[in-house]
Each structure stands twice: as C-alpha cells, then as structure tokens.
Amino acid sequence: MNQKITIRDVAKHAGVSPATVSYVLNGVNKVSDETKERVLFAIEELNYQPDFTAISLSKRKSKMLGVVMPLVGETLAPIFKENPYYSELLSGVEFACRTNGYDFVISGISKVDECKNWVMKRNLDSLLVLGKFPKKVFDEMKTLSIPLVFIDSFEDYANDYTNIRIDDELGGYLGTKHLIELGHKRICFVPNGQIDHEVDGQRYLGFKRALQEAAIPYQEDMVYIGPSNTFENGYNIGRELAKRTNLTAIFTSSDITALGIIKSLNDQELKVPQNMSIVGFDDLMISKYSSPSLTTIRQDVFKKGSLSAEMAIQAIENKETKKEQIMLPVELVVRSSTTSI
Numbered sequence: 001m002n003q004k005i006t007i008r009d010v011a012k013h014a015g016v017s018p019a020t021v022s023y024v025l026n027g028v029n030k031v032s033d034e035t036k037e038r039v040l041f042a043i044e045e046l047n048y049q050p051d052f053t054a055i056s057l058s059k060r061k062s063k064m065l066g067v068v069m070p071l072v073g074e075t076l077a078p079i080f081k082e083n084p085y086y087s088e089l090l091s092g093v094e095f096a097c098r099t100n101g102y103d104f105v106i107s108g109i110s111k112v113d114e115c116k117n118w119v120m121k122r123n124l125d126s127l128l129v130l131g132k133f134p135k136k137v138f139d140e141m142k143t144l145s146i147p148l149v150f151i152d153s154f155e156d157y158a159n160d161y162t163n164i165r166i167d168d169e170l171g172g173y174l175g176t177k178h179l180i181e182l183g184h185k186r187i188c189f190v191p192n193g194q195i196d197h198e199v200d201g202q203r204y205l206g207f208k209r210a211l212q213e214a215a216i217p218y219q220e221d222m223v224y225i226g227p228s229n230t231f232e233n234g235y236n237i238g239r240e241l242a243k244r245t246n247l248t249a250i251f252t253s254s255d256i257t258a259l260g261i262i263k264s265l266n267d268q269e270l271k272v273p274q275n276m277s278i279v280g281f282d283d284l285m286i287s288k289y290s291s292p293s294l295t296t297i298r299q300d301v302f303k304k305g306s307l308s309a310e311m312a313i314q315a316i317e318n319k320e321t322k323k324e325q326i327m328l329p330v331e332l333v334v335r336s337s338t339t340s341i
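Heads up, the sequence shown is in full-length UniProt numbering, so the first residue is 1 and it goes up one at a time.
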C-alpha cells in the first residue's frame, strides 16, 4: 500500500516549511506568488489530498468563482468554438463577477478527484455547475463546503441547492404551436442529441403537447435524432431532412443547429421560409442577423449566467446556501424564417 502523502512531504518537495504549505492551503497572504506556485505544483505532482474537514474553505476568501463543466474528450475548446450559447452565458457570469469585485475560472471535469483538487489549487469560494455530472462527481463536490449553484440541472441532487433553468417544456410547446398556427402539420423536431436528455426531453414533451392539442397525429419520423448542436452537424442534418419531400417545417432545440440547417437547405436550392419554415431555440445574438433572421424561442442566456454568479456571491458574502429553484421565462420571437402555408 502506498504511504499517504503528508503536508511535510509537500513542504520537502517544494523546498519550503510545512507552515508555508499551510498558508497556501488556507489562502493566507504571507507567501509570494512564486512560492505559492511552487507549493501548488508540489501538491499536484505528489497528488496530495488535504483534509477538507480540517481546512475550513469558508475562511479562504479569494473572491474567485469556478465554472465547472463535464469534460468530454481532452478539451473544452470545441464547445466554446462551435456554440455561442456558452459564450453568452459566460459573458453574464463575467459581468456579475466584475460588478461585484470577483473573478472566475473555467474547467472541465472528467474524473472524481479532479474537482476537489481544482477547487483547492485555485482557492475557489464557490462553484457554478453547468451540465450533467455523474452522482459520484457530485458527491465529491458536496464535500467541499462551499456554495454550489447549478445551471440547467434536472438531477435530484440539485434540488438541495440553487438551480437556475428555464421552462423547456413551454418553449417546446410555443415553437411547435407557432408552426401549427401557420398551417404546418408535417413538422420535424430536432433535439440536441437524444430526447431522453433532460433539457431536450422537456422540449420534446412540449412539442408533443402542441401536436396533441391541435389533433395532429404523432409519428416517429417527426423526430430526427442527430449529433450534438454545432453548425456543421446542423448542416449535415439539413442534407438529410431535405430528402423528406413532405416536410414543411423544422423545429430545432438550438439556434446553432437551425442556422446550420438553413445554410444546408440554401445550398440545395431550398429556400427558407418559402420551401421550409425553421424555428430555433435560445435567441442567440447571431440569430437576428442571419439570413433569413431566425424565428426562435428566447431565453435570456446572459441573465442565466449573471444570475447564477450573483446567487453564488450572495451565498458567499451572507454565509448562506439558499435553496432556490429559479425558473426563468421563455418567449416566442417571430422573425423571417417562418411563414404560413
């Protein structure tokens, strides 16, 4: 069995005293940046696991928030590069942090112990949890004794924390109802992956509710399950859906996918909305400037980000962990990508 690494081992490896290591762990400003980096490097290299019960994180005020996302693959870069949704959300986080004198950092987490190590290394005061994590990763987060704020979580464990999301079912309903009111009956719903995913599953339920309300029979081919939401994937989906000659409208679960589909249809000499009406979801900034401008379901992505940071800061400064389930509104924004038939 490997011998447990101690604070003395870290001190020896970094060439400092155990007291200096303790200062770094507790966020005491008695250590130079150079020495701090040396200690943090030693902690990481030795995989030192401090006793988080003994170390009170609530005393380590760094005025730094962490945004944590599930890591798929090696990097978060493709997510930010291919989907402006995250850029708008993080702009909201940045605004709230800057307004309140805080900073924030972002990291992807794929292993159970990564979250605790990251929080310790960065001396974080709170975590904004974006996306779906396995329960074992959440259990690791729970031991940190810092405020957690969840964004778009449908997991049961998020019910014990502040959780900020939107009424996805209503959004799915409003987008579908709009197309039905324009006379469309052959509508295809395109989720961001599988419809058993919580967010897309709720939008799918709204889609089905609108069909049922209008007495339009639901058929399996009215849902096209493709890959994740990127421009390129939307473009490829458009190539497939163009083959369905009886289709008159498409409702996608993201603006990015919708814009990719529009580009694809245009390249195939199918005009939007004359030949196909398109509805997106999110109302990203780019949607009003596309050609044609995109009819979409609006959620305030910027506010979702800023509010999540504000709730975290409030919990830090008031030493409270309020449990609020916050549902932000959605609304239909009608532009030029839909028309009556």
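Every residue, glycine too, gets a C-beta built ideally from N, C-alpha and C.
A straight-line Cα-Cα distance of about 23 Å links residue 154 and residue 284.
DSSP, read as helix, strand or coil, puts residue 186 in coil.
Close CB contacts of residue 115 within its chain, under the 7 Å cut and outside five residues either way in sequence, are with 68, 109, 137, 140 and 141 (chain order). Looking at the DSSP output, residue 163 shares a beta bridge with 150 and 325. Using a 10 angstroms sphere on the CB of residue 171, the tally of other CB atoms reaches 16 or more, which defines it as buried. Here DSSP, grouped into helix, strand and coil, assigns residue 6 to coil. Put simply, the backbone Cα of residue 254 is about 16 Å away from that of residue 178. Residue 64: not part of any alpha helix (DSSP H); member of the beta strand (DSSP E) spanning 64-70, first to last residue. Under the three-pair Cβ rule at 8 Å, the stretch 90-107 does not count as touching the stretch 261-269. A contact between stretches requires three or more CB pairs, one per stretch, nearer than 8 Å, and the stretch 244-260 meets this requirement with the stretch 272-292. Take the alpha-carbon of residue 7 and the one of residue 20: they are about 10 Å apart.
Counting only runs that start and end inside the stretch 183-270, the beta strand (DSSP E) elements of at least 3 residues fall at 187-190 and 249-252. Residue 83 and residue 233 have their C-alpha atoms spaced approximately 11 Å apart.
Residue state for residue 314 is assigned as helix, using DSSP reduced to three classes. DSSP places residue 298 in no alpha helix (DSSP H) but in the uninterrupted beta strand (DSSP E) bounded by 295-299.
Per the DSSP secondary-structure output, residue 130 pairs in a beta bridge with 151. Closest by C-alpha distance to residue 23, out of 204, 191, 201 and 123, is 123. For residue 332, there is no enclosing alpha helix (DSSP H); the enclosing beta strand (DSSP E) covers residues 330-333. C-alpha of residue 165 to C-alpha of residue 183: approximately 31 Å in a straight line. Shortest Cα-Cα distance from residue 31 to any of 88, 302, 174 and 14 involves 14. Between residue 206 and residue 235 the beta-carbon gap is near 26 Å, outside 8 Å, which marks them as no contact. DSSP, reduced to helix, strand and coil, places residue 280 within a strand of the structure shown. According to DSSP, residue 105 shares a beta bridge with 66.
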